[in-house]
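Contents: one structure, followed by commentary.
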Amino acid sequence: MNIPTILLFWSILSCTLMKSTAVDTIRPHQTIQDDDTIISAGGDFELGFFSPGSSKNRYLGIWYKKISDRTVVWVANRDRPLLNASGVVLINNKGITLQTFNRSDGIIWSVSASRSMKKPAVQLLDTGNLVLRDEDHVSNNVDDYIWQSFDYPGDSMLPGMKFGIDLVTGIDRYYTSWRSVDDPSLGSFTYRIDSNGFPQFILWKGSVIWSRNGLWNGYKLGGIPNYNPNGIYKYKFVLDEKEIYFGFDLINQTSVFIRLVLTPSGEPKLLVWNDQHENWIVYLSLQDTDCDRYGLCGAYGICNIKNTPRCECLKGFVPKFPEKWKAADWSDGCIHRTNLVCGTKEGFVKYSDVKLPDTHHSWYDMTINRHECRRLCIKNCSCTAYANADVIRRGHGCLLWFSELTDIREYAEDGRDIYVRMASSELEKSRSSGVQMKTEVIIITAMSIVVLLGIIYRTVYKKRNLLEQENLNISLESVALTKFENEDLELPLFEFERIANATSNFSNNNKLGEGGFGPVYKGTLDDGLEIAVKRLSKDSSQGLDEFKNEVSCIAKLQHRNLVTLYGCCTEKGEKILIYEYMANKSLDSFIFDEKIRNTMDWPKRYNIINGIARGLMYLHQDSKLRIIHRDLKASNILLDHELNPKISDFGIARSFGGNETEANTSRVVGTYGYMSPEYAIEGQFSVKSDVYSFGVLLIEIVSGVKNRLFSHPDHSLNLVGHAWMSYKEDKLLQIIDEVILESSNHIEVFRAIQIGLLCVQHDPKDRPVMSEVVLMLSSNMKLPHPKQPGFFMERCLLEADNLLSNPKFSLSNHFTITSLLPRH
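Okay, structure coming up:
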């Protein structure tokens, strides 16, 4: 904030019909007699007395100092003007008062201080904010004002102002129009935030809702298609337990004069001053068309400015009063064509590119995903619709409606998606309508299909024997899958057709990647939920056991740092897993990519390290089952929209019961570079095996280099070995990714590397458990010195492989030890 213009009202600020005088400070008992008493000492604003337009009434207000056309942005006594009299402003330890000069009319306007002041001071800040403070009161908070005009706005919103509610003090900052250009008294229109349900911006005319600008969608206001980011100003919206407010700030503080004004006719407009033409130009109008009138189409009606008539019912709804509807009276809206009967397989119909309806009777939770949101709505008979509350974190944030849906309009772009509750019979109609539209096309192409059938028949006939043989080969697995389907999985089974539709029939355009198990596709279910579909290929080395293992493990796990499994599909011999979609894919695509990893600063990496640690602690200690992952690596850490990590791929995980902590296996699976020595050589695994893998991953995150791909001209150590040598020689800076050097606290990074080295110690007994690791990462506790790590040289790996005389071990080309299950 710039140094404010200071005005001490120790005496009387008066107004008479004399020449204007600008003053900095009013000393005790000093009187200024002026036609327009002006308080100004730099900055863009002035405070004084004025008469608006052709009016003779006098008001105390604030206006722009450098604009030729006096534009008033705040008025103190807007409903009690000085009538044919001069005014005086008094300040004392109790506050501020405005009175007529002879005091015959009593107090015209006043501010009462919340506490007695020893040294009261009034300041007109460069922002246009008039503040009252006690200069004798020492505070570290520069905004420690006893009173400020920004908390009591008039018809104008300036940069830096808050439009909304302080939930601690109860102050509600809203805007009211002038009655006319000559009369600043309270007009007919009020613009304020409605905090019932999800906050929304509503314009009132008296006690009637006039229009509604829509909801904040995560980066801008909804309901205003042309309200886009620009180089003049930026906007913000705060929604937390202390306050709810909207505001905007100038990008270049000296570049432009801009204000949001509520006109006497009820139009919120963003105005910018044009120096060349010396006038205010409309940069943005928040109310443009008929469809901006609140509830024009009634309940369950939707307005489209391009249509004539403007209103129509949502699909599955009909006019409540058809005759009135035909006469263009849409106020009574629409009703369900088929009444809802809760518990009868109701579902949702998706409407896209719309302004979301009135949220006065709504509920929201910004932490849950869309899948959970749908579940909450379907199990509550009063829930009429749901939507994603945050488009920035697509799939996150839940918004539920519990009343009729009112004030919906359609947009060609910049709209939102909403899922409206519908009877099952209407869902069938909605699905079949698309088929009916294609009927003519089907008839036209029918003859061509008949011709092709002959060719297809001959081809199929030739391959019949081959297909019969293939069916015989998979018959045993089909029986096993059928048995699997009948098990109590605590997980939904998806129809194959639904998954195929969601992925455009497993189109290559939807393909996210492919591993040893098979391809992964991005999909969108019919209710709008984005998913990742993991389809095990027919020749995958992962079989039914691994598939069942992953389902049984992860279906029972719920943690913010574990990927969510929505369901599976076993139809037609398929082995398909349906996960939540992770927009930023896997961790290895960030930290090992030369270009992308530049966006991954230290705070983001440290957050990822902590998240992985918490997820592992949950698996080892806090879950219903003690789970050992056995294949923790960068490619199995997925990142959501906010780069929060989620552990994935539980195909080879093992669960323990009771007091079990370790086990042996005759089948070693995992990935070279992340496997602990005791597991790779002896087949012995425990929670400490995962701790070792975590240590390797931590060091990789810090360095931005893969353990086994690291090379150095002076030695043959891998990354873990290089980190160990650097630690002993006190040269840890040389292993830190240069990308994070400037954004990091070096001591914190050194500490993280030391924790990683503690995790990769050769003897499992020396390694900490994950609860200790989480404590180390989140505190300043003293750390022990690490001992020599296991597998810290590439030749150690080769020697280890030579020791594997047991046929259960082999070395794959993918740096993986396995006889049955190579991992990538």
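Mapping of the sequence shown onto mature numbering (1 follows the signal peptide of the UniProt record, and there is no 0): residues -22 to -1, 1 to 802, in sequence order. The C-beta atom is built at its ideal place from N, Cα and C for all residues, glycine as well.
- The alpha helix (DSSP H) runs lying completely inside the segment 337 to 405 and spanning 4 residues or more are 348 to 356, given in chain order.
- Of all C-beta pairs linking the segment 83 to 99 to the segment 132 to 149, fewer than three are shorter than 8 Å, placing the two stretches out of contact.
- A Cβ-Cβ contact shorter than 8 Å links I587 with A730.
- Going by DSSP, Q77 is part of the beta strand (DSSP E) stretching over 73 to 78.
- Ranked by Cα distance from K293, the first of G682, T316, G175, N107 is T316.
- Straight-line spacing of the CA atoms in P30 and S340 works out to 43 Å.
- Per DSSP, P497 lies in no alpha helix (DSSP H) segment; the continuous beta strand (DSSP E) that holds it begins and ends at 496 to 502.
- Counting only runs of 4+ residues, the alpha helix (DSSP H) found wholly inside the segment 654 to 689 occupies 655 to 660, 665 to 681, in chain order.
- When C-beta atoms of the segment 611 to 631 are compared with those of the segment 756 to 772, fewer than three pairs fall below 8 Å, so the two segments do not count as touching.
- Per DSSP, the beta bridge partners of C312 are P297.
- With fewer than 16 other beta carbons inside 10 angstroms of its own, N285 counts as exposed.
- Between V752 and R632, the C-beta spacing is not below 8 Å.
- Across the set K298, V327, T337, the C-alpha of T337 shows the shortest separation from the C-alpha of R190.
- The bridge partners DSSP lists for W52 are I40.
- For S704, the enclosing alpha helix (DSSP H) stretches over residues 697 to 706.
- Remark: three or more beta-carbon pairs, one from each stretch, lie closer than 8 Å, so the segment 392 to 400 and the segment 317 to 328 are flagged as touching.
- When the alpha-carbon of F27 is set against those of K44, A54, G21, the nearest one is in A54.
- In chain order, G142, I143, L145, I171, S173, P177, V216 place their CB closer than 8 Å to the CB of I222, counting only its own chain and leaving out the 5 sequence neighbours on each side.
- Residue environment analysis places T154 among the buried positions, since at least 16 neighbouring C-beta atoms fall within 10 angstroms of its C-beta.
- Across the structure, P59 and T241 are spaced so that their CA atoms are roughly 20 Å apart.
- The C-beta of P623 has 16 or more other C-beta atoms within 10 Å across all chains shown, which makes the residue buried.
- Distance between R686 and I725, taken at the CA atoms: about 26 Å.
- Taking C-beta separations shorter than 6 Å and ignoring five residues to either side along the sequence, the partners of R745 in its chain run K666, V669, C737, Q739, following chain order.
- Along the segment 598 to 622, the beta strand (DSSP E) occurs as fully enclosed runs of 3 or more residues at 604 to 606, 615 to 617, listed in sequence order.
- When the Cα atoms are used, G629 and L274 turn out to be separated by approximately 54 Å.
- For the pair I509 and G496, the CB atoms are not nearer than the 8 Å cut-off.
- If you check the CB distance, S134 and R48 do not come in under 8 Å.
- Judged by DSSP in its simplified three-state form, Y152 adopts coil rather than helix or strand.
- Between N35 and L76, the CB-CB gap reaches or exceeds 8 Å.
- By the criterion of a C-beta distance shorter than 7 Å, E678 is surrounded in its chain by I569, A612, K684, N685, L697, once the five residues flanking it on both sides are discounted.
- Within the model, the alpha-carbon separation for R271 versus G184 is close to 15 Å.
- Between F226 and K212, the beta carbon gap of about 7 Å places them in contact (Cβ cut-off 8 Å).
- The Cβ atoms of G651 and Y657 lie no closer than 8 Å to each other.
- Between W194 and the set I532, E572, A365, the nearest pair of CA atoms involves A365.
- The C-beta separation of F299 from Y278 comes to about 13 Å, leaving the pair out of contact by the 8 Å criterion.
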